[in-house]
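In our numbering, the protein residues as written are 56 to 163.
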């Protein structure tokens, strides 16, 4: 399968970590931009000044959630990371995989 990496534009900045996670989970730029416009749930991110948003995907038999963590700076949105959560996550608790937690903690 061919993966096309997203390019930074006047509104959106993509981190290398987010691009590698897009490749890992099979998520496209259009799918994530749609998630930015139409999210089902919004939570405060674990890193200071970040927001995590979610959209349901998958099927009734095998539900999954697509999560995106971003930081807003002025008019630009910086996409920090994305991940796919298997199942349905509990409310008020962001299910972040361990490798992404380690990456975020190494930045701070």
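All C-beta atoms, glycine included, are put in the ideal place defined by N, C-alpha and C.
Task: Where residue 131 falls: helix, strand or coil (DSSP) - done: The sequence position of residue 131 within the chain shown is 76, counting from 1. Of the three classes helix, strand and coil, the one that applies to residue 131 here is strand, per DSSP.
- [ ] Figure out for me which residue from 121, 90 and 84 has the closest Cα to the Cα of residue 63.
- [x] In the chain shown, residue 63 corresponds to position 8, counting from 1. Selected option, being the one with the closest Cα: 84.
- [ ] Using 10 angstroms around the beta-carbon of residue 135, count the other beta-carbons present and answer buried if the total reaches 16, otherwise exposed.
- [x] Counting from one through the chain shown, the residue named residue 135 turns up at place 80. Classification for residue 135: buried.
- [ ] Rounded to whole angstroms, what's the CA-CA distance from residue 113 to residue 126? Just pull it up for me.
- [x] Taking the chain shown and counting its residues from 1, the one referred to as residue 113 is at position 58. Taking the chain shown and counting its residues from 1, the one referred to as residue 126 is at position 71. When rounded, the distance between both Cα atoms is 26 Å.
Task: Whole-number beta carbon distance between residue 124 and residue 100, since they are thought to touch under 8 Å - done: The residue you call residue 100 lines up with position 45 of the chain shown. The residue you call residue 124 lines up with position 69 of the chain shown. That pair is a contact at about 5 Å.
TODO: Identify the continuous alpha helix (DSSP H) that holds residue 155 and give its terminal residues.
DONE: To locate residue 155, count along the chain shown from 1; it is residue 100. Its alpha helix (DSSP H) spans residues 153-162.
TODO: Output the distance between the C-alpha atoms of residue 65 and residue 88, rounded to the nearest integer angstrom.
DONE: Sequence index remark: in the chain shown, residue 65 carries index 10 (1-based). Sequence index remark: in the chain shown, residue 88 carries index 33 (1-based). Here the alpha carbons of residue 88 and residue 65 stand approximately 14 Å from one another.
- [ ] Give the secondary structure of residue 164 by DSSP, where H, G and I count as helix, E and B as strand, and everything else as coil.
- [x] The displayed coordinates of the chain run from 56 to 163. Any statement about residue 164 would go beyond what the structure contains.
TODO: Let me know the secondary structure DSSP gives residue 123 once reduced to three states.
DONE: Against the chain shown, residue 123 aligns to sequence position 68. Correct three-state label for residue 123: strand.
Task: Endpoints, beta strand (DSSP E) assigned at residue 67 - done: In the chain shown, residue 67 corresponds to position 12, counting from 1. That run of the beta strand (DSSP E) goes 67-69.
Task: Contacts around residue 70, its chain only, beta-carbon distance under 8 Å, and the 5 residues preceding and following it disregarded - done: Stepping through the chain shown from its first residue, residue 70 is reached at position 15. If we look at residue 70 and ignore the five residues flanking it on each side, its Cβ neighbours are 133, 134, 135 and 136.
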